[in-house]
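S.K.: Going by numbering that gives the first Met the number 0, the first residue of the sequence shown is number 0, and it counts up by one from there.
Quick one: structure below, then a few questions.
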Amino acid sequence: MTEVLSAPEAAAGVVRYSEEEAMRRALRLAATPGVPLGPNPRVGCVLLTHDGELVAEGFHRGAGTAHAEADALARAGEAARGTIALVTLEPCNHTGRTGPCAQALIAAGVDRVVYALSDPNPLAQGGAQTLRTAGIGVEGGLLEAEAREVNAGWLESIRHPASA
Ligand SMILES: [Zn+2]
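So this is what it looks like as structure tokens:
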């Protein structure tokens, strides 16, 4: 889990990621050891400036706790405005025990969202559309295969709810 930083960046105290590198980081956060498996997906989120500077990161720590996006937004505070959010799963669109992440991203002023995996949960779907409607640039499918691997068990439980 060592971070790969070139020396000049590390010296400057600034972490810079490409969108793909940031998604890899988000996937590692999603799979943080100790996060309980199920019933919720494991999700990570990284906020970058348009220059690729790391603003904040977050991850979901299990049912009933903040979603990854909300976790990252809370750490970023005002700095979330104008950032790119890299999220391992399509931001949710439903209000469960926590508010919908699509609305939280809009409210925080994030202006681009890149996610890995479309949300297969019928109750949570529609986040990408909600974001687009709000004028936010949305792109899905970055490192989707890796994101499927991180949530293989959860995806199986969505496909076969009875055996979950
Ligand atoms: Zn959410």
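No residue lacks a Cβ here, since even glycine has one placed at the ideal position from N, Cα and C.
Taking buried to mean at least 16 other C-beta atoms within 10 Å of its own C-beta, is ALA144 buried or exposed?
M.R.: exposed
S.K.: From which residue to which residue does the alpha helix (DSSP H) around ARG24 run?
M.R.: 18 to 29
S.K.: Does any heavy atom of ligand 1 sit closer than 8 Å to the C-beta of GLU56?
M.R.: no
S.K.: From this set, GLN128, THR132, GLY98, which residue's C-alpha is nearest GLU89's C-alpha?
M.R.: GLN128
S.K.: When the Cα atoms are used, what is the spatial distance from PRO99 to GLU20?
M.R.: 26 Å
S.K.: Pull up the DSSP beta-bridge partners for GLY57, would you.
M.R.: CYS44
S.K.: Measuring alpha carbon to alpha carbon, tell me which of ARG74, ALA69, GLY61 ends up nearest ALA55.
M.R.: ARG74
S.K.: Quick one: does the C-beta of ALA69 sit closer than 8 Å to a heavy atom of ligand 1?
M.R.: Result yes, Cβ under 8 Å from ligand 1.
S.K.: Once the 5 residues before and after HIS93 are set aside, which same chain residues still bring their CB inside 7 Å of it?
M.R.: PRO99, LEU122, ALA123
S.K.: Apply the 10 Å Cβ neighbour rule to PRO32 and answer buried if 16 or more other Cβ atoms are within range, or exposed otherwise.
M.R.: So PRO32 ends up on the exposed side.
S.K.: Write down every uninterrupted run of the beta strand (DSSP E) in the region 74 to 124 whose length is 3 residues or greater and which is fully enclosed by it, in chain order.
M.R.: 83 to 88, 111 to 116
S.K.: Less than 8 Å separating the Cβ of PRO99 from some heavy atom of ligand 1?
M.R.: Relative to the non-hydrogen atoms of ligand 1, the Cβ of PRO99 comes within a distance shorter than 8 Å of at least one.
S.K.: Under the assumption that GLY136 contacts ARG158 (Cβ atoms under 8 Å), give the Cβ distance between them as a whole number of angstroms.
M.R.: Their Cβ separation, rounded to whole angstroms, is 30 Å, which puts GLY136 and ARG158 out of contact at 8 Å.
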